[in-house]
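Novice: Just passing along the structure, written as structure tokens.
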Amino acid sequence: SQQGEEDPQALSIQEGENATMNCSYKTSINNLQWYRQNSGRGLVHLILIRSNEREKHSGRLRVTLDTSKKSSSLLITASRAADTASYFCATDEAYQIYNQGGKLIFGQGTELSVKP
Amino acid sequence: EAQVTQNPRYLITVTGKKLTVTCSQNMNHEYMSWYRQDPGLGLRQIYYSMNVEVTDKGDVPEGYKVSRKEKRNFPLILESPSPNQTSLYFCASSPRGPRGETQYFGPGTRLLVL
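Respectively, the protein sequence lines represent chains A and D.
Residue numbers in the first sequence follow the numbering used here, run continuously in steps of one, and reach 116 at the last position.
Residue numbers in the second sequence follow the numbering used here, run continuously in steps of one, and reach 1114 at the last position.
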């Protein structure tokens, strides 16, 4: 089952603009992570936010989490052409009593294009 | 260098011919996992392993097998590949599990089943 749904599916902006991507999920979670993927390569971890946190920053990245709405957003400020990539959210579901707690569910991703 | 390696990186095969994609990590991680990535579907978890000899199904395990005999290796086995298993496959690992831990991904294996 797909837990994370991302919006928009594709986003095209100019260098210097901000990019905002959203992720919605269906069940209670322990943590939400954001990953970046360059053109079919392996995913790289960007930032993790725990269910008891509301906002987190890392450099030009700002992540928010609203557990009441089951949603998260990733904001990239002052975007650069090098930020062009696909961005995925991933959630680990709370109360994984029916398995070993090893499930991690990814969204479908947002494809970001930053034009110079 | 700490890394997750996958082999082969590219593979073309025919329906029904058994194949194995290897995954190895040198970080002494207990948790390893396999995903497939298809256009419009994101990454879907196939199998994961919390530790040696402990494996469990992800969301799309049909048609795949795994084994975890050593901590560093987690091969993905396709006993009888079919065209619908054509995909981009990723292996990932982390120290103890997905909860609150960064996942380290391999470079991916592109599989084409004819």
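We put the CB at the ideal spot given by N, CA and C, even for glycine.
Note that the structure is a prediction, hence the values are computed from the model and not measured.
#1: DSSP on asparagine 1026 (chain D), reduced to helix/strand/coil?
#2: Quick one: any contact between the segment 65 to 82 of chain A and the segment 15 to 23 of chain A, if contact means 3 or more CB pairs under 8 Å?
#3: Does DSSP put alanine 90 (chain A) in a helix, a strand or coil?
#4: For a contact meaning CB atoms closer than 8 Å, what does leucine 1011 (chain D) contact in chain A?
#5: Does aspartate 1038 (chain D) come out as helix, strand or coil in the three-state DSSP assignment?
#6: Compile a chain-ordered list of the residues in the segment 1085 to 1113 of chain D whose CB is closer than 7 Å to at least one CB of chain A.
#7: Name the residue from D:Lys1017, D:Gly1108, D:Ile1012 and D:Thr1005 whose alpha carbon lies nearest to the alpha carbon of glycine 1063 (chain D).
#8: Assuming arginine 1072 (chain D) contacts serine 1049 (chain D) under a Cβ cut-off of 8 Å, what Cβ separation, rounded to an integer in Å, is found between them?
#9: Does any C-beta atom of chain D lie closer than 8 Å to the C-beta of glycine 16 (chain A)?
#10: I'd like the span of the beta strand (DSSP E) that includes threonine 64 (chain A), first residue to last.
#11: Do the CB positions of arginine 1009 (chain D) and threonine 1109 (chain D) come within less than 8 Å of each other?
#12: Determine the direct distance from the alpha carbon of glutamine 37 (chain A) to that of valine 114 (chain A), and round the result to whole angstroms.
#13: In its own chain, which residues sit with a C-beta less than 6 Å from the C-beta of valine 1060 (chain D), not counting the 5 before and 5 after it?
#14: First and last residue of the beta strand (DSSP E) that includes glutamine 9 (chain A)?
#15: Which stretch, first to last residue, makes up the beta strand (DSSP E) that contains lysine 56 (chain A)?
#16: Expressed to the nearest angstrom, what Euclidean distance is found between the alpha-carbon atoms of glutamine 1006 (chain D) and lysine 26 (chain A)?
#17: For chain D, find out if any of its Cβ atoms is closer than 8 Å to the Cβ of glycine 31 (chain A); answer yes or no.
#18: Should the segment 1075 to 1090 of chain D be regarded as contacting the segment 1051 to 1058 of chain D, the criterion being three or more beta carbon pairs within less than 8 Å?
#19: Cβ of tyrosine 1048 (chain D) versus every heavy atom of the ligand SAH: is any distance shorter than 7 Å?
#20: How is valine 81 (chain A) classed by DSSP in three states: helix, strand or coil?
#21: Output the distance between the C-alpha atoms of lysine 1057 (chain D) and threonine 1020 (chain D), rounded to the nearest integer angstrom.
#22: Using C-beta distances below 8 Å, list every residue in its chain close to glutamate 1070 (chain D), excluding the 5 sequence neighbours before and after it, in chain order.
#23: Would you say aspartate 7 (chain A) faces chain D, with C-beta separation under 8 Å as the test?
#24: Which of helix, strand or coil does DSSP assign to asparagine 31 (chain A)?
Specialist: This is what the structure gives:
#1: What you label residue 1026 (chain D) is simply residue 26 of the second sequence in a count that begins at 1. In the structure shown, asparagine 1026 (chain D) falls within a coil segment according to DSSP collapsed to helix, strand and coil.
#2: The segment 65 to 82 of chain A makes contact with the segment 15 to 23 of chain A; the number of CB pairs closer than 8 Å reaches 3 or more.
#3: As a first step, residue 90 (chain A) must be located in the first sequence, where it is residue number 90. DSSP places alanine 90 (chain A) in strand when its eight states are reduced to three.
#4: Walking along the second sequence from the start, residue 1011 (chain D) turns up at place 11. Neighbours of leucine 1011 (chain D) on chain A: none; closest Cβ ~15 Å, over 8 Å.
#5: Residue mapping note: residue 1038 (chain D) aligns to position 38 of the second sequence, counting from 1. Aspartate 1038 (chain D): strand per DSSP, three-state reduction.
#6: Correct list: Leu1088, Phe1090, Gly1097, Pro1098, Arg1099, Gly1100, Thr1102, Gln1103, Phe1105, Gly1106, Pro1107 and Gly1108.
#7: The sequence position of residue 1063 (chain D) within the second sequence is 63, counting from 1. When only C-alpha atoms are compared, the closest one is D:Lys1017.
#8: In the second sequence, counting from the first residue as 1, residue 1072 (chain D) sits at position 72. In the second sequence, counting from the first residue as 1, residue 1049 (chain D) sits at position 49. With a contact defined as Cβ atoms closer than 8 Å, arginine 1072 (chain D) and serine 1049 (chain D) miss out at about 11 Å.
#9: One-based indexing of the first sequence puts residue 16 (chain A) at position 16. False, the Cβ-Cβ gap to chain D never drops below 8 Å.
#10: As a position in the first sequence, residue 64 (chain A) is number 64, starting the count at 1. Judged by DSSP secondary structure, threonine 64 (chain A) falls within the beta strand (DSSP E) whose first and last residues are 61 to 66.
#11: Residue mapping note: residue 1009 (chain D) aligns to position 9 of the second sequence, counting from 1. Residue mapping note: residue 1109 (chain D) aligns to position 109 of the second sequence, counting from 1. Going by C-beta atoms, arginine 1009 (chain D) is nearer than 8 Å to threonine 1109 (chain D).
#12: As a working note, residue 114 (chain A) is residue 114 in the first sequence. As a working note, residue 37 (chain A) is residue 37 in the first sequence. Approximately 14 Å, taken between the alpha carbons.
#13: By one-based count along the second sequence, residue 1060 (chain D) stands at place 60. Correct list, in chain order: Arg1044 and Ile1046.
#14: Residue 9 (chain A) sits at position 9 when you count from the first residue of the first sequence. No beta strand (DSSP E) holds glutamine 9 (chain A); DSSP gives it neither H nor E.
#15: For the purposes of this step, residue 56 (chain A) is identified with residue 56 of the first sequence, where counting begins at 1. Lysine 56 (chain A) -> beta strand (DSSP E) spans 55 to 58.
#16: Counted from its first residue, the second sequence places residue 1006 (chain D) at position 6. Counted from its first residue, the first sequence places residue 26 (chain A) at position 26. Cα to Cα, glutamine 1006 (chain D) sits roughly 32 Å from lysine 26 (chain A).
#17: Locating residue 31 (chain A) in the first sequence gives position 31, where the first residue counts as 1. The sequence as given places asparagine at residue 31 (chain A); glycine does not occur at that position. Nearest CB-CB separation between asparagine 31 (chain A) and chain D: below the 8 Å threshold.
#18: No: fewer than three Cβ pairs fall under 8 Å.
#19: Absence of the ligand SAH is noted for the structure shown, with no ligands found whatsoever.
#20: The residue you call residue 81 (chain A) lines up with position 81 of the first sequence. What sits at residue 81 (chain A) in the sequence shown is alanine, not valine. Alanine 81 (chain A) carries a helical assignment under DSSP once its states are collapsed to helix, strand and coil.
#21: Your numbering for residue 1057 (chain D) matches position 57 in the second sequence. Your numbering for residue 1020 (chain D) matches position 20 in the second sequence. Straight through space, the alpha carbons of threonine 1020 (chain D) and lysine 1057 (chain D) are spaced by roughly 18 Å.
#22: In the second sequence, the residue the question calls residue 1070 (chain D) occupies position 70. Around glutamate 1070 (chain D): Val1052.
#23: Working through the first sequence from its first residue, we reach residue 7 (chain A) at position 7. So, not an interface residue.
#24: For the purposes of this step, residue 31 (chain A) is taken as residue 31 along the first sequence, with counting starting at 1. DSSP places asparagine 31 (chain A) in strand when its eight states are reduced to three.
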